Amino acid sequence: MALKIYNTLSREKEEFTPITPGHVGIYVCGPTVYSDVHLGNCRTFISFDIIFRYLKYLQYKVRYVRNITDAGHLEGDRDEGDDKFSKIARLQQVEPMEIVQKYTLGFRHVMQLLNNLPPSIEPTATGHISEQIEMTQQIIANGYAYEVNGTIYFDVEKYNKEQPYGILTNRKLDDLLEGTRELGGQDEKRGRLDFALWIKAKPEHLMQWPSPWGMGFPGWHIECSAMSEKYLGKQFDIHGGGMDLAATHHTNEIAQSQACNHTRPANYWMHTNMLTVNGTRMSKSLGNGFLPEELFTGSHPLLDKAYSPMTVRFFMLQTHYRSTLDFSNEALQASEKGLKRLWEAYEVLNKFKVAGNAAAGDAELNAKCLQLIAAFDDNMNDDFNTAKVLATMFELVPVINSIKDGLIKPDALAPSTITLMQEKFKAYIEDVFGLKDNFSLGDDGKLSSVMELLIDIRKEAKLKKDFATSDKIRNQLTAMGINLKDEKDGGVSWSI
Ligand code: AMP
Ligand code: ZN
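Heads up, the sequence shown is in our numbering, so the first residue is 1032 and it goes up one at a time.
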């Protein structure tokens, strides 16, 4: 089964055919680095990380470009006023670039904790001012933009006379106009939907650059058009981002590229659905954002406990990227348990010894396992359905556990089936899903040794009735996001 991708442009699942065989170019709108990323943002970036990983698993040579928006994004996504960085910089009395640096580093750290691979290129808006100016000049030269007092606007109505502006979200210009306010006397724009490609800067504006139209700064949408063209070409394979970006940001990107180059920039437009809290989209402006850090330490007042980055990643994988996903303690606890169960079965599976090439003792069971394993790729080829792959994996978990517990004889499965299961579990769990051992955290097991030591000290303290020390160890570990659990058999287990 060939890879199929749901294309927002056609509102259909389409077979994926890259422009250059064997190669894929993908552009994803990155974060606006004026604040910490919240878990909703992380959902989008995890979804595209899985897509990046799966394309690589399919042996494509992938160039994945994810930008950093460090200029031009104005308050309330408008065309006038302060940009988001300068506003915070002014409040904190620091340089805007200090804000950019702080949140870029913070973003990369969170991406690393969540085990998202770094993109192939991570371009910044401020590093590509000349490309944005050039593109704006070309759009003016082609007749789709106009200047008013040093600001350049894109002429949406003119563009729409030749090609449908609302093509991405399937809306007519009249419907789009309905949601906008009438232009007033002071408005510079000719049309209500016109948006700025370049904005004249007031002298006090902190981030500004020279241009043919005087000092100014780029609009938010032009950066993605200019940077995707620079690194992926005038036409490339996939453009992605959160669903909230489709109606304006991506609609404007298509219009800009089409007006500049007379081609549609991307063949496939992919949009991830929103992470919600009690059904409402998680967003910084609504104040319902959970920060990754608050989850990893359990410090958010609405959380019952801490959850590891891998639990969070697994939680996201359990839902298809185009469905909404609601965030709750219960859902995270279930994910924590699910991941533990999967990981334990994975470790058991890896220990199965494979000898010779005997036929399966139980032909029916063997065929069932082979069928389930084949379904991994089929489900991913069906628009990256990670949720279905996991469900299929969980159908194999009881088989693995039954072999471990001696309920099924080890030779019930053919050695080749066991080898294939081992290979596919590894490829999916580690390479495609990017899950890693929660417990050693990739530190060569040092953390495990330290934990054993702490558990020992706590046990000794308890024996001596030194409850102050034993409680201190437990509480401080909890504060760090490490939970101790006293088991029935007297042992102690721990989880992050
Ligand atoms: P921003 O930093 O606001 O430009 O957002 C970065 C990315 O996160 C964009 O692709 C957004 O569409 C996406 N995003 C924002 N909020 C959510 C959410 N609640 N769930 C999923 N993705 C989101
Ligand atoms: Zn963008």
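Where a beta carbon is used, it is the ideal one built from N, C-alpha and C, also for glycine.
What you are looking at is a predicted structure, and each value in this text was computed from that prediction instead of being measured.
Item checked: Same chain, Cβ closer than 7 Å to T1500, five either side skipped, listed in chain order -> Working through the sequence shown from its first residue, we reach residue 1500 at position 469. A1492, listed in sequence order.
Check: Under the DSSP definition of a beta bridge, which residues are partnered with S1524?
Finding: By one-based count along the sequence shown, residue 1524 stands at place 493. In the DSSP secondary-structure assignment, S1524 is bridged to K1516.
Margin query: Using only the alpha-carbon positions, how far apart do H1238 and P1127 sit?
Written below: The residue you call residue 1238 lines up with position 207 of the sequence shown. The residue you call residue 1127 lines up with position 96 of the sequence shown. Note that residue 1238 is Met in the sequence shown here, rather than His. Rounded to whole angstroms, the separation of the alpha carbons of P1127 and M1238 is 8 Å.
Item checked: Same chain only: Cβ atoms within 8 Å of A1033, ignoring 5 sequence neighbours per side -> Here residue 1033 refers to the residue found at position 2 of the sequence shown. Excluding positions up to five away in sequence, the list reads E1046, F1047 and N1412.
Notebook entry, point to check: Taking 7 Å as the line, does the beta carbon of H1569 fall inside it for any heavy atom of the ligand ZN?
Noted result: The requested residue 1569 does not occur in the structure, where the chain is confined to residues 1032 to 1527.
Check: I think N1038 touches Y1299, with their Cβ atoms under 8 Å apart; what is that distance to the nearest whole Å?
Finding: Within the sequence shown, residue 1038 is the residue found at index 7, counting from 1. Within the sequence shown, residue 1299 is the residue found at index 268, counting from 1. Right, their Cβ atoms sit about 5 Å apart.
Margin query: Suppose contacts are defined by Cβ-Cβ distances below 8 Å. Is N1147 in contact with I1077 by that definition?
Written below: One-based indexing of the sequence shown puts residue 1147 at position 116. One-based indexing of the sequence shown puts residue 1077 at position 46. In this structure, I1077 lies closer than 8 Å to N1147 by Cβ.
Notebook entry, point to check: What residues match up with V1096 in a beta bridge as DSSP calls it?
Noted result: Taking the sequence shown and counting its residues from 1, one reaches residue 1096 at position 65. Bridge partners of V1096: Y1058 and I1152.
Note to self: Measuring only the C-alpha atoms, how far is S1288 from P1296?
What the structure shows: Walking along the sequence shown from the start, residue 1288 turns up at place 257. Walking along the sequence shown from the start, residue 1296 turns up at place 265. Cα to Cα, S1288 sits roughly 6 Å from P1296.
Item checked: N-terminal and C-terminal residue of the alpha helix (DSSP H) that D1541 is part of -> Outside the shown range of the chain (1032 to 1527) lies residue 1541, about which nothing can therefore be said.
Notebook entry, point to check: What separation, rounded to the nearest whole angstrom, lies between the Cα atoms of E1361 and G1310?
Noted result: Numbered from 1 along the sequence shown, position 330 holds the residue referred to as residue 1361. Numbered from 1 along the sequence shown, position 279 holds the residue referred to as residue 1310. Whole-angstrom Cα-Cα distance: 15 Å.
Margin query: If I measure Cβ to Cβ from L1472 and keep anything under 6 Å in the same chain, skipping five residues before and after, which residues do I get?
Written below: The count along the sequence shown starts at 1 and reaches residue 1472 at position 441. Because L1472 carries a pLDDT of 45, less than 50, the predicted location of this residue cannot be relied on, and the following value inherits that uncertainty. Residues L1478 of the same chain have their beta carbon placed closer than 6 Å to that of L1472, with the five preceding and five following residues left out of the count.
Notebook entry, point to check: Given a threshold of 16 other Cβ atoms within 10 Å of its Cβ, counted over all protein chains shown, does Q1402 qualify as buried or as exposed?
Noted result: Position 371 of the sequence shown, counted from the start, is the residue given in the question as residue 1402. It is exposed - the Cβ of Q1402 has fewer than 16 other Cβ atoms within 10 Å.
Checklist line | Neighbourhood of E1235 by C-beta, 7 Å cutoff - its chain only, sequence neighbours within 5 removed | finding: For this step, residue 1235 is matched to residue 204 along the sequence shown. Excluding residues within five positions, none has a Cβ falling inside 7 Å.
Notebook entry, point to check: Cα separation between K1382 and F1415?
Noted result: Position 351 of the sequence shown, counted from the first residue, corresponds to residue 1382. Position 384 of the sequence shown, counted from the first residue, corresponds to residue 1415. For K1382 and F1415, the distance between alpha carbons rounds to 29 Å.
Next item on the list: Go ahead and label V1125 buried or exposed: buried means 16 or more other beta carbons lie within 10 angstroms of its beta carbon, across all protein chains shown.
Entry: The residue labelled residue 1125 in the question sits at position 94 within the sequence shown. Exposed, because fewer than 16 other Cβ atoms sit within 10 Å of the Cβ of V1125.
Notebook entry, point to check: With 16 as the cutoff for other CB atoms within 10 Å, does V1481 come out buried or exposed?
Noted result: Indexing the sequence shown from 1 puts residue 1481 at position 450. It counts as exposed.
Notebook entry, point to check: How big is the Cα-Cα spacing for V1343 and G1247?
Noted result: Here residue 1343 is taken as the residue at index 312 of the sequence shown, counted from 1. Here residue 1247 is taken as the residue at index 216 of the sequence shown, counted from 1. Cα to Cα, the separation comes out at about 41 Å.
Next item on the list: Go through the residues and name those whose CB comes closer than 5 Å to any heavy atom of the ligand ZN, in chain order.
Entry: Those satisfying the condition are, in chain order, C1060 and C1255.
Notebook entry, point to check: Using the rule of at least 16 other Cβ atoms within 10 Å of the residue's Cβ for burial, across every protein chain shown, is N1388 buried or exposed?
Noted result: In the sequence shown, the residue the question calls residue 1388 occupies position 357. The Cβ neighbour count for N1388, taken over all protein chains shown within 10 Å, is under 16; the residue is labelled exposed.
Next item on the list: To the nearest angstrom, report how far apart K1231 and P1243 are at their CA atoms.
Entry: Looking up residue 1231 in the sequence shown gives position 200. Looking up residue 1243 in the sequence shown gives position 212. So the alpha carbons of these two residues sit roughly 11 Å apart.
Next item on the list: Would you kindly work out how many angstroms separate the C-alpha atoms of T1450 and Y1088, rounded to a whole number?
Entry: Taking the sequence shown and counting its residues from 1, the one referred to as residue 1450 is at position 419. Taking the sequence shown and counting its residues from 1, the one referred to as residue 1088 is at position 57. C-alpha separation (whole angstroms): 18 Å.
Check: Whose C-beta lies closer than 6 Å to the C-beta of K1516 among residues of the same chain, with five residues either side of it excluded?
Finding: Translated into positions along the sequence shown, residue 1516 becomes position 485. Answer for K1516: S1524, listed in chain order.
Check: For the ligand AMP, any of its heavy atoms closer than 7 Å to the Cβ of T1157?
Finding: Within the sequence shown, numbered from 1, the residue matching residue 1157 stands at position 126. Remark: the shortest separation between the CB of T1157 and any heavy atom of the ligand AMP does not fall under 7 Å.
Margin query: Is the beta carbon of A1391 closer than 8 Å to that of L1444?
Written below: For the purposes of this step, residue 1444 is taken as the residue at position 413 of the sequence shown. For the purposes of this step, residue 1391 is taken as the residue at position 360 of the sequence shown. Taking the C-beta atoms as reference points, A1391 is found nearer than 8 Å to L1444.
Next item on the list: Using three-state DSSP, classify T1182 as helix, strand or coil.
Entry: Counted from its first residue, the sequence shown places residue 1182 at position 151. Strand, per DSSP.
Margin query: Just to confirm the assignment, what range does the beta strand (DSSP E) spanning H1270 have?
Written below: Looking up residue 1270 in the sequence shown gives position 239. In the DSSP assignment, H1270 falls within the beta strand (DSSP E) that extends over F1267 to G1273.
Notebook entry, point to check: Over what stretch of residues does the alpha helix (DSSP H) that includes A1443 continue unbroken?
Noted result: Position 412 of the sequence shown holds residue 1443. Looking at the DSSP string, A1443 is not in any alpha helix (DSSP H), and its letter there is neither H nor E.
Notebook entry, point to check: If you measure from the CB of S1354, is any heavy atom of the ligand AMP nearer than 7 Å?
Noted result: Within the sequence shown, residue 1354 is the residue found at index 323, counting from 1. Set against 7 Å, the gap from the CB of S1354 to the closest heavy atom of the ligand AMP is not smaller.
Next item on the list: Would you tell me roughly how many angstroms separate the C-alpha atoms of I1285 and P1249, rounded to the nearest one?
Entry: Start at 1 with the first residue of the sequence shown, and residue 1285 comes out as number 254. Start at 1 with the first residue of the sequence shown, and residue 1249 comes out as number 218. The alpha-carbon separation between I1285 and P1249 amounts to approximately 17 Å.
Note to self: Quick check: the Cα distance between H1280 and H1252, rounded to an integer number of angstroms?
What the structure shows: Your numbering for residue 1280 matches position 249 in the sequence shown. Your numbering for residue 1252 matches position 221 in the sequence shown. Going from the Cα of H1280 to the Cα of H1252 covers about 6 Å.
Margin query: I'd like the list of long-range same chain contacts for A1176, defined as Cβ closer than 8 Å, with 5 residues on each side in sequence excluded.
Written below: Counting from 1 along the sequence shown, the entry for residue 1176 is found at position 145. When the five nearest sequence neighbours on each side are left out, the beta carbons in the same chain lying within less than 8 Å of the beta carbon of A1176 are those of T1167, I1170, I1183, Y1184, F1185, D1186, L1228 and A1290, in order along the chain.
Next item on the list: Express the C-alpha separation of A1257 and V1530 in angstroms, rounding to a whole number.
Entry: Coverage of the chain is limited to positions 1032 through 1527, which leaves residue 1530 absent and any answer about it impossible.
Check: Quick one: does the C-beta of N1072 sit closer than 7 Å to a heavy atom of the ligand AMP?
Finding: Within the sequence shown, residue 1072 is the residue found at index 41, counting from 1. N1072 Cβ: within cutoff of the ligand AMP.
Check: Are the beta-carbon atoms belonging to T1530 and G1329 less than 8 Å from one another?
Finding: The structure shown does not extend to residue 1530, since the chain is modelled only from 1032 through 1527, so no value can be given for it.
Notebook entry, point to check: Quick one: is M1511 buried, meaning 16 or more other Cβ sit within 10 Å of its Cβ, or exposed?
Noted result: Here the question's residue 1511 lines up with position 480 in the sequence shown. The residue is exposed, with fewer than 16 neighbouring Cβ atoms inside 10 Å.
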